[in-house]
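Trainee: Note that our numbering has the sequence shown beginning at 11, numbered continuously upward. Let me begin by handing over the structure; questions about it come next.
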Amino acid sequence: MRPFGSRSWPDDLLIVSLSARGLHVKLATLRTWCSNNFILVNLVRTIILIYGKILIKTEEKYVGVILRTDTQNMLADHYKAKARTARHCGHRIWAIEDMTGWLMPKELKQLYMARVDCHLIHGCEIPPDSEDVHVMQLCQVQISFLRQMLNIHCHSMIVPLFTETGIKPPRVCCLLLVLSHLMHWRGRSNNIKKLWAKYLIKAATRLPFQCPILVLTMFTTIGDIKDYSKLVHKLMLEWLQGEIDSSEKLYLLHDHRETQKDKGPAQTQKHQEAITSIKLSTHLLALEILRYVNHGNQPVPRSDRLCRFCRKEVESPEHALITCTSSDEVVQLRVIFLE
C-alpha cells in the first residue's frame, strides 16, 4: 500500500505520521489552515491511535513539578508531594533542638523560611491556587508548624499565628508571588494565556478577605498590577487586625503594636511560652478553660468564671498576675518578680 500523510473528507480528516516531530508539524499546519478558514477542531470527536510498542505514562516530573493525566487537576499529586516534603522538613527542624537546645521563635522562623516555605510556594506561578481542596494541605502544614513554634495547642485561633510571626497565609503569599511574576512577564510580552488569567482571577476571589476583582486585559499595565499587589497586602493587614479586634479571646491584642521588631520581652523558653499563652489566650486560667464545651460540661458565662482563690472576680491573666491577694504563695512570687 502506498504510504500517505493525510486523507480529507467533507466533515472528517485523517492525519498519519511516523514520528512525533512529523505529527507536530502536521498539527501546526492544520492549526494555521483552520485559523485562515475560520474553522474549529471538534476536540470531543478527536481520536488518537498509537501503533507500535510505545510506553505511555500517566505521571511525569518536569522541572520539579509532578504532572498527571488521569486526575481532574493535573497538579494534584504535586500539591500532595510538596505538602509531604514540607512536613518532613519541619520535622527535621524540630530534630535540631535535640542537638542545639531550645530555639527562639526568631531562629525557627529563619529555618522555616529557608526549609519549609520554599516547598509551600513551589510552582505557585504555574497554576494559581484556585481550588481549596489542594491548598488546604499546604495550609495545614504551615499552621501546624507555627503552632509548634509558639508552643500553643491545636485548638488555638489561627489569625494570631500570622500576626505574631509576621508570616503571610499561603494563599496571600502565593498570589503576591504570582503578581510579581506577572509584572516581570508583562514587561517582556503582552501575550497572557486566557485560561491562566482566568485561574489567577479566580485565585484572587478565594482569599480569606474581600478583595476587588482582578482585571486582566491587553491594556493592563505593570503599574496596574503593582497597585493591585499593594492593595492585596494592605487588605491582608486590615483583615488580620480586624479579626483580632473583633475577638473576645484576644482582648489583650486589641490595637496592639510591637515596640521593637523581632525582639520580645522574654529571652528564656519558659518566659517566652508563658507570655505567648497569655497574649493568645491559650493559658489554663478559668477565663479560658471554662469557655469550652464537652460532653460533661456546658459553657460557663464569663462573669461566673471566678478566681479559684478569692472566688470574687473573674480569673483572668491580669487578675491572677496583678490584683489577686488571696494566695500567699502567689503574692510572694509576685513580689519576687517585681523586685
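Ideal Cβ placement from N, Cα and C applies to all residues, glycine included.
With a cut-off of 8 Å, do at least 3 Cβ pairs link the stretch 179-192 to the stretch 121-140?
Mentor: Result yes; three or more Cβ-Cβ pairs closer than 8 Å.
Trainee: Checking 8 Å against the spacing of the C-beta atoms, do isoleucine 136 and valine 225 come in under that value?
Mentor: Result no, Cβ atoms of isoleucine 136 and valine 225 do not sit closer than 8 Å.
Trainee: The beta strand (DSSP E) spanning aspartate 22 covers which residue range?
Mentor: Aspartate 22 -> beta strand (DSSP E) spans 22-25.
Trainee: In or out: methionine 246 buried (at least 16 other Cβ within 10 Å) or exposed?
Mentor: Under this definition methionine 246 is a buried residue.
Trainee: Does the Cβ of glutamine 270 have 16 or more other Cβ atoms within 10 Å, making it buried, or fewer, making it exposed?
Mentor: Because glutamine 270 carries a pLDDT of 47, less than 50, the predicted location of this residue cannot be relied on, and the following value inherits that uncertainty. Counting Cβ neighbours within 10 Å, glutamine 270 comes out exposed, since fewer than 16 surround it.
Trainee: Can you give me the C-alpha to C-alpha distance between lysine 289 and tyrosine 261, rounded to a whole angstrom?
Mentor: If I take the Cα positions, the gap works out to 8 Å.
Trainee: Per DSSP, which one or two residues make a beta bridge with arginine 78?
Mentor: Partner(s): Glu69.
Trainee: Taking glutamate 69 and aspartate 87 to be in contact with their CB atoms under 8 Å, please state how far apart those CB atoms are, rounded to whole angstroms.
Mentor: About 7 Å separates the two Cβ atoms, so the contact holds.
Trainee: What does the Cβ neighbour count give for alanine 30, buried or exposed, with the cut at 16 atoms within 10 Å?
Mentor: Exposed: under 16 other Cβ atoms inside 10 Å.
Trainee: Whose C-alpha, out of Pro180, Ile202, Thr231, is nearest the C-alpha of alanine 213?
Mentor: Out of Pro180, Ile202, Thr231, Pro180 has the C-alpha closest to the C-alpha of alanine 213.
Trainee: Find out if the Cβ-Cβ distance for the pair proline 309, arginine 301 is shorter than 8 Å.
Mentor: In contact: proline 309 and arginine 301 (Cβ atoms closer than 8 Å).
Trainee: Kindly confirm or deny that the stretch 105-120 and the stretch 56-66 touch, where touching means at least three C-beta pairs closer than 8 Å.
Mentor: Counting Cβ pairs under 8 Å, fewer than three are found: no touch.
Trainee: Can you check DSSP and say which residues form a bridge with valine 324?
Mentor: DSSP lists Leu316 as partners of valine 324.
Trainee: By a C-beta neighbour count over all protein chains shown, 10 Å radius and 16 as the cutoff for buried, is cysteine 44 buried or exposed?
Mentor: Exposed, because fewer than 16 other Cβ atoms sit within 10 Å of the Cβ of cysteine 44.
Trainee: Rounding to the nearest angstrom, what Cα-Cα distance links serine 291 and methionine 159 in this structure?
Mentor: Their Cα atoms are separated by approximately 16 Å.
Trainee: With a threshold of 7 Å (Cβ to nearest heavy atom), would valine 54 be considered close to the ligand NAD?
Mentor: Ligands are entirely absent from the displayed structure, and the ligand NAD is therefore not among its contents.
Trainee: If you compare alpha carbons, which of Gly197, Lys92, Leu205 is closest to glutamine 150?
Mentor: When each option's Cα is compared against that of glutamine 150, the closest is Lys92.
Trainee: How many Å lie between alanine 96 and aspartate 127 at the Cα?
Mentor: Approximately 7 Å between the Cα atoms of the pair.
Trainee: With distances taken between CB atoms, is the gap from arginine 315 to alanine 330 smaller than 8 Å?
Mentor: Not a contact, by the Cβ cut-off of 8 Å.
Trainee: Check each candidate in Arg157, Pro218, His165 and name the one with the smallest Cα separation from valine 303.
Mentor: Cα-wise, what sits closest to valine 303 is His165.
Trainee: Please classify valine 73 as buried or exposed, where buried requires at least 16 neighbouring CB atoms within 10 angstroms.
Mentor: With fewer than 16 other Cβ atoms within 10 Å, it is exposed.
Trainee: According to DSSP, which residues form a beta bridge with arginine 157?
Mentor: Answer is none; arginine 157 lacks a bridge partner.
Trainee: Checking the sheet assignment: what are the DSSP bridge partners for tryptophan 19?
Mentor: Its beta-bridge partners are Asp22.
Trainee: Drop a sphere of 10 angstroms on the beta-carbon of tyrosine 61, count the other beta-carbons inside from all chains shown, and report buried for 16 or more, exposed for fewer.
Mentor: Result: exposed.
Trainee: Give me the Cα-Cα distance between leucine 250 and isoleucine 168, rounded to the nearest whole angstrom.
Mentor: Their backbone Cα atoms lie some 10 Å apart in a straight line.
Trainee: Excluding five sequence neighbours on each side, which residues of the same chain lie with their C-beta closer than 7 Å to the C-beta of cysteine 221?
Mentor: Closer than 7 Å at the Cβ level, and outside the excluded window around cysteine 221, lie Ala214, Val242, Leu245.
Trainee: From which residue to which residue does the alpha helix (DSSP H) around aspartate 255 run?
Mentor: Taken as a continuous stretch (DSSP letters only), the alpha helix (DSSP H) holding aspartate 255 covers 232-255.
Trainee: Among the candidates Leu40, Thr173, Phe155, whose CA atom is the shortest distance from the CA of histidine 264?
Mentor: It is Thr173.
Trainee: Go ahead and label proline 170 buried or exposed: buried means 16 or more other beta carbons lie within 10 angstroms of its beta carbon, across all protein chains shown.
Mentor: Looking at its Cβ environment, which holds 16 or more other Cβ atoms inside 10 Å, proline 170 is buried.
Trainee: For methionine 109, which of helix, strand or coil comes out of DSSP?
Mentor: Methionine 109: helix per DSSP, three-state reduction.
Trainee: Using the Cα positions of arginine 102 and alanine 124, report the straight-line distance between them to the nearest angstrom.
Mentor: Each residue's alpha carbon lies about 13 Å from the other.
Trainee: Going by DSSP, what residue range makes up the alpha helix (DSSP H) through phenylalanine 229?
Mentor: Looking at the DSSP string, phenylalanine 229 is not in any alpha helix (DSSP H), and its letter there is neither H nor E.
Trainee: Would you mind giving the Cβ-Cβ distance between tyrosine 89 and histidine 144, rounded to the nearest angstrom? I have them listed as a contact below 8 Å.
Mentor: Yes, they are in contact, since the Cβ atoms of tyrosine 89 and histidine 144 sit about 4 Å apart, within 8 Å.
Trainee: If we ignore side chains and look at the alpha-carbon of each, how far apart do alanine 105 and cysteine 99 end up?
Mentor: Straight-line Cα distance between these residues: approximately 10 Å.
Trainee: Between the alpha carbons of aspartate 237 and isoleucine 254, how many angstroms are there, rounded?
Mentor: Roughly 26 Å between the two C-alpha positions.
Trainee: Shortest alpha-carbon distance to glutamine 279 belongs to which of Thr39, Leu118, Arg78, Asn52?
Mentor: It is Leu118 whose Cα lies nearest to the Cα of glutamine 279.
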